[in-house]
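Chains Z and P are the protein sequences, given in the same order. Residues in the first sequence are numbered from 24 upward in steps of one, following this note's numbering. Residues in the second sequence are numbered from 6 upward in steps of one, following this note's numbering. Beta carbons are placed, not taken as given, at the ideal position from N, Cα and C, and that holds for glycine. Report on the structure given below.
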Amino acid sequence: VSAAALDDAKRRVDAIIGGYQRAAALPELSVLGARTAGKVYEGWVLCVVLAHLRNDEGFDVKMVGDTKVHLRSSPG
Amino acid sequence: VTADEYLELLAYLRDRLRDAGLVDLDDTLAAGLRGDEQASPYGSVIDYLDALDAQLALRSRGTVEATVSRLNEIATAEGRIETITVELAADEQQISGRDELDLMDLPDLQPIREELTALLGFLRDELERL
């Protein structure tokens with residue numbers, strides 16, 4: 024990159040990181056960021072596994088007794 | 006164009022993230038750099054930004070909404086599945102002051118991800134232009 028382009032790229036970086044800071048203003052979400060990201064990933068993997076069970080293995084997938092999917096942060 | 010400028014941009018990115026209090030995020034992204042920044046500075050910047058985008062996706066409400074929508078396509082339920090919650094561990098409860106986290110409370114990071122996509126396009130265009 025040229026010097027001007029490098030400066031432009033740095034300004035874009037500032038905007039991205041500043042935007043993320045503002046969007047994730049809730050401190051608990053910032054503190055828990057990495058673990059929260061892991062749980063979002065876990066939720067998506069759950070979709071992949073359930074889709075496989077339904078589409079490839081012929082199972083019916085039923086959500087029983089609730090309208091929320093509950094995950095645990097701690098193992099087990 | 007010099008490799009040093011790409012390395013400078015990578016260092017700038019990492020410093021800005023760490024200065025913003027996102028040391029854990031930088032550590033995660035840096036772990037994927039494979040230690041070949043000196044040999045492949047352009048590729049390292051792109052890899053780092055791609056990984057940042059993936060991490061932002063995992064911290065964004067949009068991904069949770071897509072997941073819940075997909076769950077509703079797959080599963081039958083007494084009502085529509087509304088959200089995904091996380092029962093927090095004891096140390097997390099102390100930090101956050103709550104027992105449970107509703108992932109729908111995550112921020113919408115789509116506009117920021119679009120800026121990141123634009124930056125990746127900008128850097129790729131710069132490389133092709135030279």
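Proximity of R75 (chain P) to chain Z, defined by a Cβ-Cβ separation below 8 Å, is satisfied.
Put simply, the CB of T122 (chain P) is far from chain Z, with every gap to its CB atoms at 8 Å or more. Membership of T33 (chain P) in the alpha helix (DSSP H) is indicated by the continuous run V28 to A35. By the rule that beta-carbons nearer than 8 Å mark a contact, V69 (chain P) touches chain Z. Annotation for D113 (chain P): no beta strand (DSSP E) segment contains it, and DSSP assigns it neither H nor E. Here DSSP, grouped into helix, strand and coil, assigns T72 (chain P) to helix.
About 27 Å separates the CB atoms of T72 (chain P) and G41 (chain Z); that is not less than 8 Å, and the two are not in contact. V72 (chain Z) carries a helical assignment under DSSP once its states are collapsed to helix, strand and coil. Look at T90 (chain Z) here: in three-state DSSP terms it is coil, with no helix or strand label. In terms of Cβ geometry, E120 (chain P) and A47 (chain Z) do not form a close pair [threshold 8 Å]. When secondary structure is reduced to three states using DSSP, V36 (chain Z) falls in the helix class.
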